[in-house]
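Chains A and B, in that order, give the protein sequences.
Quick note: the first sequence, position 130, residue 145 per this note's numbering, numbers continuous.
Quick note: the second sequence, position 227, residue 739 per this note's numbering, numbers continuous.
Every residue gets a Cβ at the ideal spot worked out from N, C-alpha and C, and that includes glycine.
Take a look at the structure set out below.
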Amino acid sequence: MKTLIRVGIAGYGAYVPMYRLKAAEVNRMWGTSGEPVEEKAVVALDEDTVTIAVECARQAVRRSGVDPAKIGAVYVGTESKPYAVKPSGTIVAEAIGATPSVSTADMEFACKAGTEAMQTCIGLVGSGMQKYAMGIGADTAQGKPMDALEYTAACGGAAFLFGPADESVAELEASYSFVTDTPDFWRRPKEMYPRHGNRFTGEPAYFKHITGAGNALLAETGYKPTDFKWAVFHQPNAKFPINVAKMLGFGMDQINPGLVSPVVGNTYAGSSPLGLAATLDVAEPGDRIFMVSYGSGAGSDAFVWKVRDPIKHRRGGPKVKAYIDRKRYVDYATYLRHRGQIIA
Amino acid sequence: MRKVAVAGIGFTKVGEPWERNVKELFAEAASAAMKDAAHTEVEQLYVANMMGAHLQGQISMGALMAEAIGRPGLPAVRIEAGQASGGVAFHEGVKAVASGLNDWVLVGGVEKMSDLLPEAVTTALAGAEEQEYTAYTGVTKTGLSAILHRLYSHEYGATPEEIGWFAARGHDNAVGVAHAQFPFKLSIERVMASPMEADPIRMMECAAVADGAAAVLLGPADKVANGIEVAASAVATDHLSLAARKNPLTLEAVRKAGAKAYEVAKVKPKDIDVLEVTDDTTIDGVLSLEDLGFAEKGRGAKLVAQGHTARTGEIPTNNFGGLKARGNPVGATGLYQIAETVIQLRGKAGANQVPDARIGMAQSMAGVGSTCSVAILRRV
């Protein structure tokens, strides 16, 4: 898919909470021996998806230099919105000063909600309806105690402010979305934790959709994996993104900067956006970035970004690595308290 | 009694075919068996399946599979004998042809486990144990094998590595096998470093959840050109509960079925050129080797560790990977074993061929030995 008007990223921001829970601590608790990631990011007591989204969005606005009043849309992609009914997007839009001349909504598509918000913003800017639009992926993902997801379900996010390509840090060259009805992971209303189909979440879900979207976009653009300096894939654990990169023909050198799941966990709707932010942190003008998200249910959004000159001057403030390095470990009980899983 | 021959074999690749159901898997294997035999006439269908009633909520598997192969109306019945369903269904098919009641009998097995969550599959597998006495305690099949593993090590001084070698040997034989679930090598180091499943049995010592179907077409030996003859087929049972057995380290059902098969076929363990045994866990494989007479009691693990059961050893065992590496789609497994034995006796096993294999044995076992079937096949 290509836009009528050329679109780019005017500014981007990311946020990872300070607290970490080690896989070893989960193993200590349950007498297990899993290690899908080393550790995962955990919110503080006063943080939630909205505070994460606001942190990301403020950094994106600051870096872009755009007057927030000119932002015509704020979409928050998440599966852990604080309110069942009441948009997270309105709080974020208000906090960054984009109200009232703004369209906002919350997007839900499991781990793909963030890139879905981005894709929607690209449509608004690419059609000329808005000059600037903000797409955010942020989550405080839930993992049931003793479930495999407890190791990985993490907190964090990233925001991307879209605007005219000529003033952007990275231009969108093309995108593609690939969706089927695949029930690999879900959470019913009023349930605290999602359920999943174990190994069904792998080959017929994650791998099928990422390779489906990735290969289609490569075919559409005529690019080969070697045409890209960097690549970013959805990161539910440490292993899957490495394997899917290999399947699509990408190497470790290309995915390394954006591969944050081993030390952050799976930030769900924030996952591939956070990987893109970490990659933009190190990219040089002229670099091409390949990106494919994945959301259960299921689907993938694929993007080709071309980094532009202004990147050099628009990545001030803490980088993703700084957020990752800034950490404080919590034990299992403290983790439960931070996640509201102990009912006092 | 008439002599019976295997006229054709067929099977699907073992794995996780997410987009195919039990009917499709069964039909693929059955069609392949009829094509292999170049014979499509079938008078009776036996369907081996252990857990369809629990996992798919499906009974009447016989009629369903008759329909699946495009033969509604065919006499058909499901045979369930726990994890030995495939071997026992083969035995019933052999009886039907040997007795003269039927000429052409199709015996197919199918199991689809990957659609369900592990808890459901584990519970269904534990259904092979006595509910009122054993299964209700929550013990799993692997847990019961772990008890035998501990007792075996205690009684005979076997090390965990020696027993663990059973898994590594299976994987050696699965390399490059197109129908195997895990067609790659697995070092003993990786086996022993894998997470504990039921102490002291590790994850890489256990067969995984798998889907698959296998089928054989049986006919009277005098009507099957180039057939592989069924020299013997025997079935025996034992107390379900380990606690009720005189010596849990002797699998009486295995011993009895083996002894009967040897007697009927007029052969001894040393005459067996290729062997397929049940290694749902490593210790199951070790005990099976011993109770079939291939190793002295207490020596089985050492023989495996030393390489005697490798394809190039004296007792080429699980020559396409066994339950661990070829895979264990439970109800179909016994028929995979028969089919693989036939491939060896035909001399068509390619890189996996045991030179000049003439006599083969396939042993299928339920639970920790409550039912056992043993078939001896012979190239004539």
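Distance between beta carbons of Ile-326 of chain A and Ala-185 of chain A, contact taken as under 8 Å: Ile-326 of chain A and Ala-185 of chain A do touch by the CB rule: their CB atoms are close to 7 Å apart, below 8 Å.
Ala-38 of chain A: CB within 8 Å of a non-hydrogen atom of the ligand COA: The ligand COA is absent from the structure shown, which contains no ligand whatsoever.
Continuous alpha helix (DSSP H) stretch holding Glu-592 of chain B: start and end: It is not in any alpha helix (DSSP H) - Glu-592 of chain B carries neither H nor E in the DSSP assignment.
Interface partners of Leu-629 of chain B on chain A, CB under 8 Å: Result: Gly-212 and Asn-213.
Limits of the alpha helix (DSSP H) - the one that Thr-793 of chain B falls within: Membership of Thr-793 of chain B in any alpha helix (DSSP H) is not indicated, and neither H nor E is assigned to it by DSSP.
Min CB distance Gly-49 of chain A to chain B below 9 Å: Interface residue (Cβ-Cβ distance to chain B less than 9 Å): Gly-49 of chain A is classified as such.
CB contact check: Glu-218 of chain A to chain B, cutoff 9 Å: For Glu-218 of chain A, the answer is yes, since a Cβ of chain B falls inside 9 Å of its Cβ.
Other residues of its chain near Gly-229 of chain A: CB distance less than 7 Å, five sequence neighbours each side excluded: Within the same chain, Leu-263, Val-307 and Ala-317 come within 7 Å of Gly-229 of chain A by CB-CB distance, once the 5 residues on both sides are set aside.
Short CB-CB distance (under 9 Å) between Pro-707 of chain B and chain A: Taking Cβ atoms only, chain A reaches closer than 9 Å to Pro-707 of chain B, which makes this a yes.
DSSP state of Asp-121 of chain A mapped onto helix, strand, coil: Three-state result, Asp-121 of chain A: strand.
Reduced DSSP category for Gln-269 of chain A - H, G, I as helix; E, B as strand; rest coil: If DSSP states are grouped into helix, strand and coil, Gln-269 of chain A belongs with the helices.
Cβ of Glu-531 of chain B within 9 Å of any chain A Cβ: Yes - at least one Cβ of chain A is within 9 Å of the one on Glu-531 of chain B.
Assigned exposure category for Met-877 of chain B - 16 Cβ within 10 Å defines buried: Residue burial is scored here from C-beta neighbours: Met-877 of chain B has at least 16 other C-beta atoms within 10 angstroms and is therefore classed as buried.
Close Cβ partners of Thr-105 of chain A (< 7 Å) along its chain, the five nearest in sequence each way excluded: A distance below 7 Å between beta-carbons, with the five flanking residues on each side excluded, links Thr-105 of chain A to the following residues of its chain, in chain order: Thr-119.
Glu-186 of chain A (DSSP reduced to helix, strand or coil): The answer is strand: DSSP assigns Glu-186 of chain A an E or B state.
Neighbour-count burial assignment, Phe-696 of chain B, 16 or more Cβ in a 10 Å radius: It counts as exposed.
Beta-carbon spacing of Val-140 of chain A, Gly-178 of chain A below 9 Å: Yes, Cβ-Cβ distance for Val-140 of chain A and Gly-178 of chain A is below 9 Å.
Nearest candidate by alpha-carbon position, reference Pro-587 of chain B, set B:Gly-669, B:Met-563, B:Glu-553 and B:Ala-596: Looking at the Cα atoms, B:Glu-553 is the closest of the given residues.
Short CB-CB distance (under 9 Å) between Glu-528 of chain B and chain A: Residue-level contact check: Glu-528 of chain B touches chain A, since one or more beta carbons of chain A fall below 9 Å from its beta carbon.
Local conformation of Glu-218 of chain A per DSSP, three classes: In this structure, Glu-218 of chain A counts as helix in the three-state DSSP scheme.
Chain A residues whose Cβ lies nearer than 8 Å to that of Ser-626 of chain B: Those within 8 Å of Ser-626 of chain B in chain A are Arg-214 and Phe-215.
Assigned secondary structure, Leu-139 of chain A (DSSP; H/G/I helix, E/B strand, else coil): Of the three classes helix, strand and coil, the one that applies to Leu-139 of chain A here is helix, per DSSP.
C-beta neighbour in chain A for Val-721 of chain B, strict 9 Å: At least one CB of chain A lies nearer than 9 Å to the CB of Val-721 of chain B.
Three-state secondary structure (DSSP) of Gly-650 of chain B: Gly-650 of chain B falls in the coil class under three-state DSSP.
Leu-730 of chain B and Gly-812 of chain B closer than 9 Å at C-beta: Between Leu-730 of chain B and Gly-812 of chain B, the C-beta gap is not smaller than 9 Å, which leaves the two residues out of contact.
Simplified DSSP assignment, three categories, for Gln-556 of chain B: Reduced to three states, the DSSP call for Gln-556 of chain B is strand.
Ser-142 of chain A burial status per 10 Å Cβ neighbour count (16 or more: buried): Flag for Ser-142 of chain A reads exposed.
For Asp-154 of chain A: DSSP bridge partner residues: In the DSSP secondary-structure assignment, Asp-154 of chain A is bridged to A:Gly-171.
Strand pairing of Ser-311 of chain A, partner residues [DSSP]: According to DSSP, Ser-311 of chain A bridges with nothing at all.
Met-873 of chain B (DSSP reduced to helix, strand or coil): Look at Met-873 of chain B here: in three-state DSSP terms it is strand.
Alpha-carbon to alpha-carbon, Ser-287 of chain A and Ala-169 of chain A: For Ala-169 of chain A and Ser-287 of chain A, the gap between their C-alpha atoms comes out near 13 Å.
Among A:Thr-18, A:Val-22, A:Met-16 and A:Lys-17, the one whose alpha carbon lies nearest that of Val-322 of chain A: For Val-322 of chain A, the nearest C-alpha among the options comes from A:Val-22.
Sequence-distant residues of the same chain with beta carbon closer than 6 Å to Met-873 of chain B, five excluded per side: The residues are Ile-784, Leu-787 and Ile-888.
Pair within 9 Å by beta-carbon distance, Ala-883 of chain B and Val-600 of chain B: Before going further, note that residue 883 of chain B is Thr rather than Ala in the sequence given. Note that the C-beta distance between Thr-883 of chain B and Val-600 of chain B is below 9 Å.
Inter-stretch contact (C-beta, 8 Å, three-pair minimum) for the segment 618-628 of chain B and the segment 567-576 of chain B: Judged by Cβ distances under 8 Å, the segment 618-628 of chain B makes contact with the segment 567-576 of chain B, as three or more pairs qualify.
Distance CB(Pro-51 of chain A)-CB(Ala-253 of chain A) smaller than 9 Å: Yes, Cβ-Cβ distance for Pro-51 of chain A and Ala-253 of chain A is below 9 Å.
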